[in-house]
Amino acid sequence: MNDNLIKNFWNCGCFIGIPSENKIYVMTHQSDFKNNECILNPPYFYLNDFYMNHSSPYFKGEVFFEISYSEMLKLISKEFSEKPQISWNELSKKNYINQFESIKNAIDTGYLKKGVPYSSLNGQSLISTKNKVYLIKSLLENKNQNSTYIYGYWNQFNGFIGSTPELLFIQNDCYVQTIALAGTVPNAKNVNKEAFVNNQKMQKEHLLVIEGLKHSLSQFGMVSIGETKILELPKLIHLKTDILVKLKENFPFQFEKFLKEIHPTAAVGSLPKNSQGNWLPQTKEEILNRGYYAAPFGIILDENNSICICTIRGMQWQDNIVKICAGGGVILESDINLEWQEIESKMDAIKYSLGL
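Residue numbers (the UniProt record's numbering): 1 to 356.
As structure tokens, this is what we get:
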């Protein structure tokens, strides 16, 4: 890889890493965003906001390549890196409390079964090329890279970098793989994993995500639900269930159509799906505050292969403002103090994975 290509990548680039394939898909110097009819030749990337408001979410770069995790680490280790110096604001609980109470009221009236409030921690820092090198290097060196999908996108004004366990889907010919991920505890030394797995509140929260996905996916083909297992990360433990869809015969897979049916899942949105309007109105302030938190970000490799992830567990920036966000599922049995502890644990996990 020549110096000019590296420079273009740090100025304007994006990537998604797929641990099961030991591949990182990288694109540099992307074009303007287009609708899918304007892009004829894959591969190309997809990025929308949480609400999927953008009518032209596809983009294609000048250079696209695949690289292994170890090769990527070796490549960026040649670059100068520097830890971002971030002046963090105080984490406010007010907006989260308002969301939580609205969700509980909606559950009490039977309007909702589950909702996912979130909180954001803001800070000040100008993210430089050296900072991007540092953040990506931290992700690649982290021990949890086999269980999460590293990702990044940036231009001269804004960007985000993170490592998400939240897979929206991997399409491979007539099969589409997704997951239900819900139910979380800190990965502390004294954690009782058996008690966590058997906790009725955790089980209910997880089953509601499975319920929502089954409802969304059944129209596409045969849905197979795997065994619920533990996903153990360095700082957090989750309940995770693999889900596989065998598409109907002669079913033309359409990336955005499929995505709109499952996103946002009940792991990051609400159940029933898209019923968050009453407790999380889509105001200009909310859209700006959320940024690209829990947004769909993917790549179309060809007509038979595509990947889409949900951008949680990351840091985003706009000019000199940086932000990390974390959310957690709320059901009838949820306690606000325990849920807030989960928010704080997730924010700590994000800082840890990024070396902050």
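Every residue gets a Cβ at the ideal spot worked out from N, C-alpha and C, and that includes glycine.
Remember, it's a predicted structure, so these values are computed and weren't measured experimentally.
Exercise. Which residue's Cα is closest to the Cα of residue 226: 27, 245, 107, 113?
Worked result: Residue numbering aside, residue 226 sits at position 226 when the sequence shown is read from its first letter. Taking only the C-alpha atoms, the option nearest residue 226 is 245.
Problem set entry | Cut-off 7 Å between Cβ atoms - residues of its own chain near residue 321, not counting five sequence neighbours on either side | By one-based count along the sequence shown, residue 321 stands at place 321. Around residue 321: 122, 124.
For this session: Could you tell me which of 179, 117, 240, 19 sits nearest to residue 70, measuring between CA atoms?
Result: The sequence position of residue 70 within the sequence shown is 70, counting from 1. Ranking 179, 117, 240, 19 by Cα distance to residue 70 puts 19 first.
Exercise. Rounded to whole angstroms, how far is the Cβ of residue 83 from the Cβ of residue 355, which I believe are closer than 8 Å?
Worked result: Locating residue 83 in the sequence shown gives position 83, where the first residue counts as 1. Locating residue 355 in the sequence shown gives position 355, where the first residue counts as 1. Residue 355 and residue 83 do touch by the CB rule: their CB atoms are close to 7 Å apart, below 8 Å.
For this session: Please work out which residues of its chain come closer than 6 Å, Cβ to Cβ, to residue 358, disregarding the five sequence neighbours upstream and downstream, and give them in chain order.
Result: Since the first residue shown for the chain is 1 and the last is 356, residue 358 is missing from the structure and cannot be characterised.
Problem set entry | Cutoff 7 Å; reference residue 265; Cβ partners in own chain excluding five residues on either side | By one-based count along the sequence shown, residue 265 stands at place 265. Answer for residue 265: 209, 212, 213, listed in chain order.
Exercise. To the nearest whole angstrom, what separates the beta carbons of residue 230 and residue 184, a pair I think is in contact under 8 Å?
Worked result: For this step, residue 230 is matched to residue 230 along the sequence shown. For this step, residue 184 is matched to residue 184 along the sequence shown. Not confirmed; about 11 Å, so no contact.
For this session: Would you list the one or two residues that DSSP bridges to residue 171?
Result: Here residue 171 refers to the residue found at position 171 of the sequence shown. Bridge partners of residue 171: 176, 306.
Problem set entry | Anticipated Cβ contact below 8 Å, residue 68 with residue 22, distance rounded | As a position in the sequence shown, residue 68 is number 68, starting the count at 1. As a position in the sequence shown, residue 22 is number 22, starting the count at 1. Rounded, the Cβ-Cβ distance is 5 Å, consistent with contact.
For this session: Would you give the residue range spanned by the beta strand (DSSP E) that residue 238 belongs to?
Result: Taking the first residue of the sequence shown as 1, we reach residue 238 at position 238. Unbroken beta strand (DSSP E) run through residue 238: 236-247.
For this session: Inspect the beta-carbon positions of residue 65 and residue 43 and report whether they are closer than 7 Å.
Result: Reading the sequence shown from its first residue, position 65 is the one you call residue 65. Reading the sequence shown from its first residue, position 43 is the one you call residue 43. No, the Cβ-Cβ distance between residue 65 and residue 43 is not below 7 Å.
Problem set entry | Those runs of the beta strand (DSSP E) which lie wholly inside the region 27-72 and span at least 3 residues | Fully enclosed beta strand (DSSP E) runs of 3 or longer: 44-47, 61-67.
Problem set entry | Contacts around residue 376, its chain only, beta-carbon distance under 8 Å, and the 5 residues preceding and following it disregarded | With the chain represented from 1 up to 356, any question about residue 376 goes unanswered, as that position is not in the structure.
For this session: Return helix, strand or coil for residue 295, following the three-state DSSP convention.
Result: Against the sequence shown, residue 295 aligns to sequence position 295. Looking at residue 295 - three-state DSSP - the assignment turns out to be coil, as it is neither helix nor strand.
Exercise. Quick one: is residue 128 buried, meaning 16 or more other Cβ sit within 10 Å of its Cβ, or exposed?
Worked result: Within the sequence shown, numbered from 1, the residue matching residue 128 stands at position 128. Per the 10 Å Cβ criterion, exposed.
For this session: Would you kindly report the start and end of the unbroken beta strand (DSSP E) that includes residue 159?
Result: Locating residue 159 in the sequence shown gives position 159, counting from the first residue. First-last of the beta strand (DSSP E) with residue 159: 158-164.
Problem set entry | Contact between the region 160-173 and the region 295-315 (3+ Cβ pairs under 8 Å) | Short answer: they touch.
For this session: Please report how far the alpha carbon of residue 61 lies from the alpha carbon of residue 52, in whole angstroms.
Result: The residue you call residue 61 lines up with position 61 of the sequence shown. The residue you call residue 52 lines up with position 52 of the sequence shown. Going by the C-alpha atoms only, they are around 22 Å apart.
For this session: Following the continuous alpha helix (DSSP H) through residue 196, name the residue where it begins and the one where it ends.
Result: In the sequence shown, residue 196 corresponds to position 196, counting from 1. In this chain, the alpha helix (DSSP H) harbouring residue 196 covers 193-198.
Exercise. Quick one: what's got a C-beta closer than 7 Å to residue 155's C-beta in the same chain, skipping five residues either side?
Worked result: Counting from one through the sequence shown, the residue named residue 155 turns up at place 155. 12.
Exercise. Are residue 50 and residue 267 close, meaning C-beta to C-beta below 7 Å?
Worked result: As a first step, residue 50 is located in the sequence shown; it is residue number 50 there, counting from the start. As a first step, residue 267 is located in the sequence shown; it is residue number 267 there, counting from the start. Residue 267 sits away from residue 50, with the two beta carbons spaced by 7 Å or more.
For this session: In the DSSP assignment, find the beta strand (DSSP E) that holds residue 224 and state where it starts and stops.
Result: Along the sequence shown, one-based indexing puts residue 224 at 224. Its beta strand (DSSP E) spans residues 221-232.
For this session: Label residue 140 either buried or exposed according to how many other C-beta atoms from any shown protein chain fall within 10 Å of its C-beta, with 16 as the threshold for buried.
Result: Within the sequence shown, the letter at position 140 stands for residue 140. With a 10 Å radius around the Cβ and a threshold of 16 neighbouring Cβ atoms, residue 140 comes out buried.
Exercise. Quick one: what does DSSP say residue 109 is sitting in, helix, strand or coil?
Worked result: Here the question's residue 109 lines up with position 109 in the sequence shown. Looking at residue 109 - three-state DSSP - the assignment turns out to be coil, as it is neither helix nor strand.
Problem set entry | Top-ranked residue by Cα proximity to residue 153, from 171, 347, 197, 28 | As a first step, residue 153 must be located in the sequence shown, where it is residue number 153. Distance check between residue 153 and each of 171, 347, 197, 28 places 28 closest, using alpha-carbon atoms only.
For this session: Confirm, please, whether the CB-CB distance from residue 81 to residue 137 is below 7 Å.
Result: Indexing the sequence shown from 1 puts residue 137 at position 137. Indexing the sequence shown from 1 puts residue 81 at position 81. Going by C-beta atoms, residue 137 is nearer than 7 Å to residue 81.
Problem set entry | Cutoff 8 Å; reference residue 261; Cβ partners in own chain excluding five residues on either side | The sequence position of residue 261 within the sequence shown is 261, counting from 1. Taken in chain order, the residues that qualify are 216, 217, 219, 220.
Exercise. Skipping 5 residues on each side, what residues in its chain have a beta carbon closer than 8 Å to that of residue 247?
Worked result: In the sequence shown, the residue the question calls residue 247 occupies position 247. The beta carbon of residue 247 is closer than 8 Å to those of 174, 175, 176, 220, 221, 253 in its chain, skipping five residues each way along the sequence.
Problem set entry | Span separating the alpha-carbon of residue 111 from that of residue 99 | Locating residue 111 in the sequence shown gives position 111, counting from the first residue. Locating residue 99 in the sequence shown gives position 99, counting from the first residue. Each residue's alpha carbon lies about 15 Å from the other.
For this session: For residue 185, name the three-state secondary structure that DSSP assigns.
Result: Working through the sequence shown from its first residue, we reach residue 185 at position 185. Strand, per DSSP.
Exercise. Should residue 257 go down as buried or exposed, given a rule of 16 or more other Cβ atoms within 10 Å for buried?
Worked result: In the sequence shown, the residue the question calls residue 257 occupies position 257. Under this definition residue 257 is an exposed residue.
Problem set entry | Rounded C-alpha distance that separates residue 223 from residue 305 | The residue given as residue 223 occupies position 223 in the sequence shown. The residue given as residue 305 occupies position 305 in the sequence shown. Residue 223 and residue 305: Cα-Cα distance of roughly 19 Å.
For this session: Kindly give me the distance between the Cβ atoms of residue 46 and residue 298, rounded to whole angstroms, as I take these residues to be in contact under 8 Å.
Result: Reading the sequence shown from its first residue, position 46 is the one you call residue 46. Reading the sequence shown from its first residue, position 298 is the one you call residue 298. Between residue 298 and residue 46 the Cβ distance is about 4 Å, and since that is below 8 Å, they are a contact.
For this session: Out of 346, 255, 286, state which residue places its alpha-carbon closest to the alpha-carbon of residue 309.
Result: Residue numbering aside, residue 309 sits at position 309 when the sequence shown is read from its first letter. Minimum Cα distance to residue 309 is reached at 255.
Exercise. Run through DSSP, which three-state label would residue 133 get?
Worked result: Sequence index remark: in the sequence shown, residue 133 carries index 133 (1-based). Looking at residue 133 - three-state DSSP - the assignment turns out to be helix.
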